[in-house]
Each structure stands twice: as C-alpha cells, then as structure tokens.
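Have a look at the structure below, then the notes.
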RNA sequence: GCGGGCGUGAUGGAAUGGUAGACAUACCAGACUUAAAAUCUGUUGGGGCUUAGCCCCGUGUGGGUUCGAGUCCCACCGCCCGCACCA
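Have a look at this one:
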C-alpha cells in the first residue's frame, strides 16, 4: 500500500484537468449557466492565505455546480493598476509596468498549484492596453450620455513634495514621505454622476435578496437618504452678495432651540469674509490643514470663529443668532451651512459650551418646565411624550412624526420647504498619477475640453517615464501630452490625470464574459453569462467597490453595453472573513518592537533561544510579519491540505486563525482518508453483515444530505466537520466490502470540491470511470434519511430532565403520554397535573408545572 | 465622531427560538514499539453530593420578552472593520 503523496498526486491531476479542458467555459444551451466570481487580486507579488481562502471558497462552489450539471464560468484576472507599483518604482528604480507583470507571473505561478477550476484562457490584467482601451471607450460613451462631468474638488496636497497625496499617504495629518503638514487644495476633477442614481441604487437594494443584510444596510446608510427642511436665515446687516444664508436640516423640529448658525470654512460666505479679516483667513487656513477624510474631520477638535455677523430667526425677526465659521461643517453635504441646536445635538452642545452660547431646550416634559441640561437630550423615537416648544403641529410628537409636522408647519408659514437629500456624493475619478488608465480627453485652446476620438484609442501610457521626483510623470513628460484636437485639428494637450483604480474593478466582471471582444462587451456573451450568480470577496468592499459596480452596470446598460437584466450585476454576494495569525514580538535595545516570522519561532522561542511575546491573532500583514506563505504550506503538505484547512473550523464569513497545528492536523486527516480508502480497496474479500451495511449506508445518505446542504449554503466548516464524522464512521464500520466501497466512493465525491486532487486519486483507486470532477454529484435517498424511531428530549419548565424514544410518526397525544410517564416527570408532578405540555414534533417536549 | 459587525470550554468553533459545547486542536491515560515517531482506543466546561447515580451553576455584564433564549428586544463593557485618493 502506497502512502499519501500530495505533490505527486496534485501535479498529475492538474495535468489531467488541463488536458481534458474541463474548466474551459463555452456557451451552451444544453445546461443552465453558472457564473462564479471571486474578487480579483491586486498583483502585490505574493499570494497570501486570504487569497487561498477566497479562491478556495469560490472553487468549492464552482466544482459543486459543475458536478450538478451546470455550465460554469469561473475566471481570474488582475486588478493591476495602482499606487504600490509606483511606490516600488520610487523605492527601487524599476518601472511600474515591469514590476506589475512580473508580479502577475509570480502570483499566477503560486496560484496554479492550488488546483483551482479556473478558465485561464479568459485571464486579463486591467493594465493591459486591450482592457483599458475598452475602459476608455466606455468612459467616452458615459461622457456622451451625460454621466461624467468636471468640477472642483479638494485633494490632499503635500507642500514640500508638491504632490497630491492619497488618504493612505496622510499619516496624522502629515505627508508620509516629507512629514510636512498636509493642506487641502482644490483641483478641477472628473466626476461620475452617481448621485443622480441615488434613489434607484437605494430602492434596488430591496431586490438583492441573496446579499448579506449587513451589506445592504451599510449601502443604505452610505447613500443616506434624508428628509429635511431647506430654508434661509436673513442677515441683519447684509454682506455684498450675501443677504441670506441657506441652511438644510434634518431636525427642523428643533428650530426653536437654535442658538447659532455655522458655515463651512469653504462656504462662499467664509471665503468672502476672509478677504477682509486676517484672523478669519488664518482660522480658515488652519481648518484647511490636515487630511480630507471624514474620520479626520469628525474626530478633530471642534473649532469655531465668530464672524460678528448676525442673522434673524425665521419665526421671530427680533431674535438674532451669531454666525460662526466651524471646522466640522462639510461643504459637500447639504448647503455647507447649519443651524446649531445645542440642547438636542451633542456636537452642537459641545460647541455651545465651548463658546458660551445659549442652550435652549425645545423638547420638555411639560409646557412650563425648564431643563438644566448637562448633555444633549435626544428624544427617543419610541418614548412618549415631550412638549415641543414653538410648533403647534409638532408638539407631543417624536422622531419622524415630529420632523414631518415641523416641515408642514414651516411650509405653511412660508419658511422653507421640505426636501429630500442624499449623503452620497458624486464619484471623483481623477488621479494625479501615472499607473492608471489615462482619461481619454484633450484640452484644446480653441475648443476647450474635447473627448478623444474612439478611433484613436487606446490613449496609451508612455513607457519612458521616471519616478526620481515626486508628482505625476505624465505631467512632466516631454512629448506625451502634445497631441492634436480631435475637433479642430489644432495643437492640444492630453489630460494627464488617470482614472481611479475603482473604475477598473467596476466592470471587469462584464469583461470576463468576452475578454477579447473589440468592444467593452459582446452582446451575446454578456446576455448569456451575466449576471454573476455568486460573487465572493472581503467585507472591506461592502460599500465602495460594490456600489460603484452597481452604478457601472447601470451606466453600461444606458450606453448599450449590458442588457437591462444585468443592472444588478451580482445575484448573490458572500463576504468572507480574513485569515489571521498570532504575532511574535521581541524588543530591541531601545524598547521598540521587533517582529518575527512564524517559521522563525518554535515553541515560543527564536532559534537563538530568545523568548518571544505573543500578540493576539490579527490580519496577516507584512509589517507585523505574521504571514504564512501559501507556497511553503503547499510544498510541505500540498494544496489539498491548504484548501481543507482554510475551509475548516471557522464559518466562512468570520475570520479564521491560521495555526501550524491546524495545518498539520488537516494533512493528517487527508493522509488518514487515503489510508482508510486504500485498506478498503485492498480488502475486497470480506463478507457483508447486513446490519452494519444498512447502518453505514444510512449514515452515507445522511452525509450526502448534510454536506450538500453545507456546500450550498456556505456552511463549509460544517460540511468539513460532517466529513470528519463520516470518515470516523467509515473507519469503524464493520460493513462488507461492497458497502464500504460505495461509502468510500461517496466520501471521495463529497470531498472533491474541497480536496479535488485527493478525490481524483481515490476515485481512480476505487475504479470510478472518467474524472471525478465531471462525475455527477451524489443524491441522498430521502427514505434512507428517516429512522423508524426518534429520541426526544423532555424538559420540565424548560430544563432538560430526560429523554424518550418514540415512533417517528407518533402523534402529539402519544408523545405527551409517553413523556408524562417518565419517572422524572412523575416525580416533579408529585401526583398533580401539569399546567401545560408543549410538544414540538420531532424536536422536544416541555412539561410546564 | 459616524456607520456596520463580533463576544460560547485551555484553543478554533457547532447549535431553523427547542438536549449548549457537534467536529477539530491541545492535554492526559492506555494499546502497539527496545525506544521514539506514526497509528489506534479512551477521558476532559465549572462546582457539589449520600458517586452503579444525582443535583446546582454556566454562552462578555445587567435587565426584558417567551412554556423555553447562545439565538429576539433594551442598556452597558470590550474588541474588530469601513468612512469616499489603499486595493
């Protein structure tokens, strides 16, 4: 009997699949199509365990669908543009293109040994000119359809490196390389009009039944639909061009508690005032320092500047309110101006306390009471009843009712109007970077901004660029920008901004349906393969990537590149958890932490005997060195072990901790299965015992039922546990050779989506015909799943006190009678009668005394 | 700050509102072995008792709903993720 040799087995079966072209996806009307897609990787250079987990899950689905008679599309590609390539070029002098394609080659080489059922003939990288050419064509179509426009927007500006920074490059408000305090600066940028689709993107969330509820909720909150009142305060002493300040509020019911109004430092009023007020100019400049992220703005200390201007309250013109410029007000949302109601908003409360502004309660227990507030009071939506000072209609109402009543009242008094707003902003796609898809427009002195002609696509990235100085190499390229205007033929300059890499990943799923078509999509292929039936990826993409993809699918429909049926491109979504690992840490002479790779640590010590401290498991990251290289695992144990392990233990949506012991155990189990099956194959002479045969086959059908259910519902860890249990049963079974061979064959099949190589080997050993990968999935015999008698737990007052054996089809009355006859029940009853007996058929009996 | 999530033995975790701890790891004991490894078998939530057995407690904390709560509701504590130029 031979031993389990993963390396030999895996190479052999990967060749066999390759030769039989079993994963090549071809359109066919004989079978239902199934498109399974995992979020494609960024080519960082090394695959990591997170990739292994993600692609293994997709592979389990794909292989199971293949076995259940589907025509499966399971492609793979590379999200290949982005900053790391430029950073590498800056650090080591190479070219982003070379770096990226080398990484792709490396990662493909690490991925193929995993034995994924991928149609590699469809592979592409988003930095392939063939791909980004079609992206440019899409952009031009979207521009023509009015889905793209230009406006000013704020970026992070590094005043020392003279370059735009990504949020990631801003650390504690400072540039990551220069250390200079980052400033906010306005540039003219391209935008997708995603906000026009806010309502549709919101409403359609309801149709996404097979998406996680939490992702839909997060998208709903991101779109942020709100109903509020838009109105204006008139100025006591008007400023030129500013006799009113327009305000939007979602809490008009607190209007009688207003004690100040605040405007953004970027509000036109603030900008006008700062021209004649040096102190304000300085204040505004201070506010414009630091990063542009919402987090940075929201967590910064709340600061205000009293402009000295006063406005009149709309309901009482003798009531004057001060106008502050405040750093926490966003120009992007609403009108860039708010009224502050300290009594009912904690942020306003803090602001009022700091600047000595009045705190006026509008929600009070009664008309005559006065609140001494130590923090903002927010009336709960369910709690009754507070008197709302000032609004006849809104008194004694809370939550949305109070808001609606307040809007109605204000409208009736001619103060503003109710409006619906969305938090969702348009998607700025311009990036001042080289390694991205060039935006295909030119700037012509005569014609202005002109779209490049489609026949001139692609607008290719030039290869001769350098990264020795910061900033965008396209900007300073000696010739690349020089071109002629497609409209007038005169001299013109190319746009030097490239597209956000989110654009690349917003339509790649559609491109996979026809990766080499001369247009963005091929109509027949798109109609056949779309939608993605199962999409799998990380929860970190719950909002942006998925929302942008939903927008793009709609835009592609409008521009004729996708059918109407594909405007929601992902029928089902699954968000998987991360792979984590312990962190091993020592300290250097100065007490700074030093991290160590897992392979350098044995039993809590380094090779030189130094003890390491163990930091709890966290997402694998290079900086913490808590990474396990899948290549090492595959060469040590084989791909099937890596696949089996990442599916075991943790539910797929949760994080899984990689442990050396766990990997070892996974390998041992696969070797054990190999051994058990080998013994069964060798031991063909043994006689059957009918009872043991029956028991084993019953267990086999239960395993088919449970594992199939697990695979179909992303219960991979449960399916794996079930397979362990079934293996134990098979190992201990005294059934005859025929029954054991049958059970072993089914075991190999049930394992095949997870451990495809081992399963092929077992299938061959057991004499199966053809490849297991194309063999039909086993079906459980419903009759074999039902036992004649079942065991029911019996509770007394909800606590388990015994169990009874009853016929599978016993009536409630019979079950009740048997349960009441139990000693424990009789003892508890002390001769009396139970208050109530609850019988849940097939589940439980509860006797209430 | 805002939004979303998670919290169960020594450990990873299981459990359509219905026997909490499946399955695995680790540990311990046994078999095999000159020995070790490998393999196989068994034990293991905590506490208690009149110990063939039985009782009590137990799913982050405190409340609530229910015949019955790890699961649903409310509040709190802790940790994790996202926040629009990271991919």
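In our numbering, the protein residues as written are 3 to 851. Beta carbons: idealized from backbone N, C-alpha and C, even for Gly.
Cβ separation of residue i and residue j, assumed to be a contact under 8 Å, to the nearest whole Å
i, j, result
"residue 312", "residue 405", "Between residue 405 and residue 312 the Cβ distance is about 27 Å, and since that is not below 8 Å, they are no contact."
"residue 435", "residue 500", "6 Å"
"residue 51", "residue 683", "Contact doesn't hold; Cβ gap of about 34 Å is too wide."
"residue 338", "residue 269", "5 Å"
"residue 473", "residue 41", "Rounded, the Cβ-Cβ distance is 31 Å, inconsistent with contact."
"residue 79", "residue 125", "6 Å"
"residue 779", "residue 58", "Contact doesn't hold; Cβ gap of about 18 Å is too wide."
"residue 109", "residue 148", "Not a contact, Cβ separation roughly 39 Å."
Separation of residue j from residue i, as counted between CA atoms
i, j, result
"residue 1", "residue 194", "No answer is possible for residue 1: it lies beyond the span of the chain, which begins at 3 and ends at 851."
"residue 671", "residue 84", "41 Å"
"residue 202", "residue 668", "47 Å"
"residue 712", "residue 65", "14 Å"
"residue 714", "residue 817", "34 Å"
"residue 409", "residue 420", "6 Å"
"residue 820", "residue 828", "11 Å"
"residue 222", "residue 577", "17 Å"
"residue 508", "residue 555", "8 Å"
"residue 763", "residue 771", "12 Å"
Sequence-distant residues of the same chain with beta carbon closer than 6 Å to residue i, five excluded per side
i, result
"residue 761", "750, 753, 754, 774"
"residue 146", "none"
"residue 90", "101"
"residue 217", "544"
"residue 63", "38, 536"
Three-state secondary structure assigned by DSSP to residue i
i, result
"residue 194", "strand"
"residue 511", "helix"
"residue 553", "helix"
"residue 28", "coil"
"residue 936", "Shown here, the chain extends from 3 to 851; a query on residue 936 therefore has no answer."
"residue 653", "coil"
"residue 747", "helix"
"residue 795", "strand"
"residue 814", "helix"
"residue 184", "coil"
"residue 102", "helix"
"residue 337", "coil"
Pair within 8 Å by beta-carbon distance, residue i and residue j
i, j, result
"residue 678", "residue 732", "yes"
"residue 563", "residue 140", "yes"
"residue 533", "residue 568", "yes"
"residue 481", "residue 494", "no"
"residue 306", "residue 325", "no"
"residue 640", "residue 20", "no"
"residue 344", "residue 261", "yes"
"residue 851", "residue 826", "no"
"residue 179", "residue 658", "no"
"residue 513", "residue 523", "yes"
"residue 738", "residue 691", "yes"
"residue 444", "residue 457", "no"
"residue 294", "residue 471", "no"
"residue 49", "residue 104", "no"
"residue 263", "residue 323", "yes"
"residue 121", "residue 273", "no"
Neighbourhood of residue i by C-beta, 8 Å cutoff - its chain only, sequence neighbours within 5 removed
i, result
"residue 664", "647, 650, 651"
"residue 154", "188, 189, 190, 191"
"residue 782", "703, 704, 706, 707, 710"
"residue 791", "807, 808, 809, 810"
"residue 853", "There is no way to answer for residue 853, as the model of the chain reaches only from 3 to 851."
"residue 487", "444, 446, 448, 449, 452, 493, 494"
Residues near residue i in its chain [Cβ-Cβ closer than 7 Å; skip 5 each side]
i, result
"residue 348", "377, 378"
"residue 805", "793, 794, 795, 796"
"residue 197", "424, 426, 427, 428"
"residue 290", "185, 186, 267"
"residue 233", "249, 316, 412, 417, 418"
"residue 246", "234, 235, 236, 237"
"residue 757", "642, 645, 646, 672"
Residue i beta carbon near the ligand GDP (any heavy atom closer than 7 Å)
i, result
"residue 599", "Absence of the ligand GDP is noted for the structure shown, with no ligands found whatsoever."
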